[in-house]
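Worksheet: the structure to be examined is printed underneath.
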Amino acid sequence: MKKRVPLTGNAAAAEAMRQINPDVVAAYPITPQTEIMMTFAEFVADGLVDTELVTVESEHSAMSACVGAAAAGARVMTATSAQGLALMHEVVYIASALRLPIVMCVVNRALSAPINIHCDHADTMAERDSGWIQIYSETAQEVYDHTILALKLAEHEDVRLPVMVCQDGFITSHGVEPVEVLDDDVVKNFIGEFKPWYPLLDTDNPKTYGALDLFDYYFEHKRQQFEAMKNVPRVYEEAAKELSKITGRQYPKVEGFFLDDADYVIVVMSSTAGTTKYVVKEMRKEGKKVGLLKVRLYRPFPKEEIASLLDGRKAVAVLDRAYSIGAEAPLFCEIKSALYDAKVKPQLASYVYGLGGRDTPPSLIRSVFEDLISGNISKEEKYLGVRE
Amino acid sequence: MALTVRDLLKREERFSYGHRLCPGCGAALTARLVMLAVNEPVVVSCATGCLEVSTTIFPYTAWRVPWIHNAFENAAATISGVEAAYKALKKKGKIDKDIKFIAFGGDGGTYDIGFQALSGALERGHDFLYICYNNEGYMNTGAQRSGGTPMCADTTTAPAGKVIPGKMQWRKDLTTIVAGHHIPYVAQTTLHNPLDLVNKVRKAIETPGPAFINVLAPCVRFWRVNPADMIKICKLAVDTCFWPVFEIVNDEWKLSYKPKEKKPIEEFLKVQGRFRHLFTPENRHLIDEIQKHVDREWSFVLKMCGETQ
Ligand SMILES: Cc1ncc(C[n+]2csc(CCOP(=O)(O)OP(=O)(O)O)c2C)c(N)n1
Ligand code: SF4
Ligand SMILES: [Mg+2]
Chain A
1 MKKRVPLTGN AAAAEAMRQI NPDVVAAYPI TPQTEIMMTF AEFVADGLVD
51 TELVTVESEH SAMSACVGAA AAGARVMTAT SAQGLALMHE VVYIASALRL
101 PIVMCVVNRA LSAPINIHCD HADTMAERDS GWIQIYSETA QEVYDHTILA
151 LKLAEHEDVR LPVMVCQDGF ITSHGVEPVE VLDDDVVKNF IGEFKPWYPL
201 LDTDNPKTYG ALDLFDYYFE HKRQQFEAMK NVPRVYEEAA KELSKITGRQ
251 YPKVEGFFLD DADYVIVVMS STAGTTKYVV KEMRKEGKKV GLLKVRLYRP
301 FPKEEIASLL DGRKAVAVLD RAYSIGAEAP LFCEIKSALY DAKVKPQLAS
351 YVYGLGGRDT PPSLIRSVFE DLISGNISKE EKYLGVRE
Chain B
1001 MALTVRDLLK REERFSYGHR LCPGCGAALT ARLVMLAVNE PVVVSCATGC
1051 LEVSTTIFPY TAWRVPWIHN AFENAAATIS GVEAAYKALK KKGKIDKDIK
1101 FIAFGGDGGT YDIGFQALSG ALERGHDFLY ICYNNEGYMN TGAQRSGGTP
1151 MCADTTTAPA GKVIPGKMQW RKDLTTIVAG HHIPYVAQTT LHNPLDLVNK
1201 VRKAIETPGP AFINVLAPCV RFWRVNPADM IKICKLAVDT CFWPVFEIVN
1251 DEWKLSYKPK EKKPIEEFLK VQGRFRHLFT PENRHLIDEI QKHVDREWSF
1301 VLKMCGETQ
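Line by line, the protein sequences give chains A and B. According to our numbering, the residues represented by the first sequence are 1 to 388, in order. According to our numbering, the residues represented by the second sequence are 1001 to 1309, in order.
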C-alpha cells in the first residue's frame, strides 16, 4: 500500500534511508543536509533501523569510514553538501576506484567563498569526473525514488560504483511536497539482500585493498573503472523499469516535456526543471513551440539520447547552476559536445543561473525562451538574474 | 600470561617476508612483532607511508590478513568504518566470529595530518588498536620534518644549514595527548626489547575499546645509522631517557623500564647522521638544551608514574 505524506526533500531522503536500513551510515552535519542526518539519527535512537551510525568528526572521515565499512562488506550510506563534499574530495575518488557501492544524498549548495548556504550545483559538478554515478532530482518525490533506485544500481554486479543522489538545497530539501511512500517491505524486496564482493571481514580469505599501483598496473585498473561506468546505462534502465512497475512513475535518463515538436528548448537539471515546465505550459497556451529537456542522469552522461533529442531543433539554451571559470559551464560544454554528431545542429546559448541560491522565477525562464525565439543568441555566456 | 620468544617462534608470520622496506627498518620489525602478537582474526588499516608503499606493491602483498589502505590521514577513520560494519553485521547475525582491528600510521600520518581522524576515532570509542610506528619524519617522501621530529634533527624541510641547525621546535608529546582522551589503554615503547612491544600489543588488543601504542621505530636510512645497529639505537633511546617506555591503563601510569644509569643524550645523538652537525664546539649549547629538555620530559613521566628520580 502506497501512502502520500507531506515531506521535505530531506525528509524524503531520510525516509528512503530508513527503509533501506543500511548497515553503516557515517555522516557529518552541514546545512542544508543536516536534517537528513538528524532525522536518521532519530530513527537510530528510536530503534527503527539496525544501522551503526558513525558520528565522525569531519566529512573527510565520513567518507573514509564509509570506504572502510563498504570494503568490510556493509551496505553504506551518507549525506553531505558543499564544503562537506569538497572536504571529502580526496576520498570520493578512492570510493569509486575501490568499486564500493556507497550511496550519498547530496543536498546541493554553493561552494565558498563567499560563504553561502543556498543552492547551486558547483559542489557536485566539482566531483563529476570522480567516477561516481550522479542522479539529479527535481522534486522530493524524485529524491525518494532516486535514493532507492541508486542503491539497486550501485550494488549491481556489473556496476559496483558509488552514487550521488542530488537535490537542490532549501528549494527541494526544505520545501514540503506530497510524496508517495512505498511500504517498507516493497522497498526491502526491491533492493534485496546485499552480497558484498571480497569483504575485509571475511578473515579466512584475506584481501588487500588499496595497494600501491604504479605505471605497470594503474592504467589497466582505471580502464576497468571506465568499463564499469559503461555498464551503467543498461543496468539503470533495467532498475528504473522495475521501479516504475512499482511506483507507476518513469525515470528516463533524460526527460522531455512538450519536446516532440518543440523548436526552442531549455536544457536544465533539478528543481528549475519544475519552473521551466510551468513556463512551457504558459507559452504553449500562447502558441509558442517551446519545450524542456531535463537531465536526470548526469553521470554517466547520456550523450546519444541528448544528441538525438536535440538534433534539428532551432535553438537550445543550456542552463547551468554551476560554472567553470575561464571555460564553458559544465552542462553546456557537454551538451555542445554531444551535438557534434547531430545532423542539423541547433543554435546554442549558455546561461549560468541561480548561483548562491539566487531565485530563478518563471519570468527569467521566459526571458530565455524569448531570447531563443527572437534570435537574441550569442556565443557569450550569459548570466541570468545577476545585477550587472 | 606474557608471551615469550619461544611462543612467537611457533606462530605464523602474518606480516610476511618479501616486502621492500629497507633492511633494518624499524617499521618492518614493528609490523612483524605486532602481527605475531595478534593471532586472532584481524583486519588491518594502514596509512600512506613507508610501511604501506613498501608492503603492497601490486600485484604483491606482504599481508596475510585482510588489509586496507585508504589515504594518508584516515587510517583511524577507515578502521572506524570497518569496525562499525563488524558491529552491524554481527548484530544481524551475518558474522559470528570475534574479529580484532588494528590501524597503522607513521608519525606523519598520526601526529600531523591524521591527528584529527585519530582523535575522533578514540573519542567515539571504537574497539581497535592504533599503532603509530614513529620514525620521526616523513620518510616515504624523503625525510621531511614532522610534529614528531626531535629538536635539531636534520630533515629535508628543516635542514641543518649554515645559520639554522635543523628543526627548531620540540616534538609534541603525542602519547600524553592521546592519554588525554582517557581511553582504556595507552602505551609508549620502542624496539629495545621485542617482548615489551609484543606484550603491550597483547594487553591492548585484549582491552575492549580504543588502545594506542606509540612505537619509536628507527628509520635507518634517514637517521643515517648502520642498519645492523637499529636495535642498539632503540636501547640508547631508552637508556638516555630520550624515549621513556611506559603504559597507561585506565589512566594509571606505569613505567615499563628504568635505566640503571641514565646515559647522557650525546650517546644517542652521536651515532646518528641526522644529528652530526651538533657535534661542533659552537653547537655544544644545543646538546645541552636537548639534555635539559630530555630531563624535563623524563621527570614528567616519572612523576606521572609515581616514581622517584
Ligand atoms: C594528503 C596527502 N598529503 C601528502 C601526501 C604525501 N605523503 C605520502 S606519505 C608521506 C609521509 C609519510 O610520513 P609518515 O606518516 O611519518 O610515514 P613514513 O613514510 O615515515 O613511514 C607524505 C607527505 C599524501 N600521500 N597525501
Ligand atoms: S626509508 Fe626509513 S622508514 Fe622507510 S623503509 Fe627505509 S628505513 Fe624504513
Ligand atoms: Mg614517519
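By construction, the Cβ of each residue, glycine as well, lies at the ideal position given by its N, Cα and C atoms.
Checking the DSSP bridge columns, you'll see N108/A partnered with D168/A. In this structure, L1216/B lies near A1237/B, with their beta-carbon atoms less than 8 angstroms apart. At a beta-carbon threshold of 7 angstroms, none of the residues of chain A lie near R1011/B; the nearest stands roughly 16 angstroms away. Counting only the Cα atoms, Y28/A lies some 7 angstroms from T55/A. When beta bridges are read from the DSSP output, Y264/A appears opposite V290/A, A315/A.
With a minimum length of 3 residues, the unbroken runs of beta strand (DSSP E) contained wholly in the stretch 1056-1091 of chain B fall at 1067-1069. Only buried fits I1290/B, as 16 or more other CB atoms lie within 10 angstroms of its CB.
At least one heavy atom of ligand 2 lies less than 7 angstroms from the C-beta of R1221/B. Cβ contact annotation for I1265/B (same chain, cutoff 6 angstroms, sequence separation greater than five): T1240, I1290, Q1291, V1294, in chain order. Residue state for D1239/B is assigned as helix, using DSSP reduced to three classes.
Interface annotation, H89/A: not in contact with chain B, CB-CB separation never under 8 angstroms. Relative to the non-hydrogen atoms of ligand 3, the Cβ of D183/A never comes closer than 7 angstroms to any of them. Cα atoms of L339/A and E381/A: separation of roughly 18 angstroms, rounded to the nearest angstrom.
The DSSP-derived three-state label of K1010/B is coil. Chain B has a Cβ within less than 8 angstroms of the Cβ of S61/A. For the pair V232/A and V159/A, the CB atoms are nearer than the 8 angstroms cut-off. Taking a Cβ-Cβ cut-off of 8 angstroms, the neighbours of W1063/B in chain A comprise P206, T208, given in sequence order. H1069/B and T1110/B have their C-alpha atoms spaced approximately 14 angstroms apart. Look at which beta carbons fall closer than 7 angstroms to any heavy atom of ligand 1; those residues are E90/A, A1027/B, A1047/B, T1048/B, G1049/B, C1050/B, L1051/B, A1071/B, F1072/B, E1073/B, G1105/B, G1106/B, D1107/B, G1108/B, G1109/B, T1110/B, I1113/B, Y1133/B, N1135/B, G1137/B, Y1138/B, M1139/B, N1140/B, T1141/B, Q1144/B, S1146/B, C1219/B. Contact between the stretch 1243-1260 of chain B and the stretch 1177-1191 of chain B is present, with at least three C-beta pairs closer than 8 angstroms. When K195/A, V107/A, F369/A are compared, the shortest CA-CA separation from A72/A is found for K195/A. With the rule of 3 Cβ pairs closer than 8 angstroms, the stretch 15-23 of chain A counts as touching the stretch 33-51 of chain A. Out of D145/A, P302/A, D359/A, Q134/A, the CA that lies nearest to the CA of R387/A is found in D359/A. For G68/A, the enclosing alpha helix (DSSP H) begins and ends at 59-72. I1131/B carries a strand assignment under DSSP once its states are collapsed to helix, strand and coil. Nearest in C-alpha terms to T1030/B, of all of F1104/B, A1143/B, A1121/B, is F1104/B. In this structure, ligand 2 has a non-hydrogen atom nearer than 7 angstroms to the beta-carbon of S1054/B. Under the DSSP assignment, C333/A falls in the alpha helix (DSSP H) whose first and last residues are 330-338.
A residue is called buried once 16 or more other Cβ atoms fall within 10 Å of its Cβ, and M125/A is buried on that count.
Distance from the C-beta of C1022/B to the nearest heavy atom of ligand 2 is below 7 angstroms. Cα atoms of Q250/A and S244/A: separation of roughly 6 angstroms, rounded to the nearest angstrom. For G175/A, there is no enclosing alpha helix (DSSP H), as DSSP marks it with neither H nor E.
If you draw a straight line from the Cα of R234/A to the Cα of R296/A, it comes to about 15 angstroms. The beta-carbon distance between G312/A and K343/A, rounded to whole angstroms, is 7 angstroms. This is short enough to meet the 8 angstroms contact definition. With a cut-off of 7 angstroms, the C-beta of C1025/B is classified as near ligand 2, since at least one heavy atom of the ligand falls inside that distance.
Boundaries of the alpha helix (DSSP H) around N189/A: 184-191.
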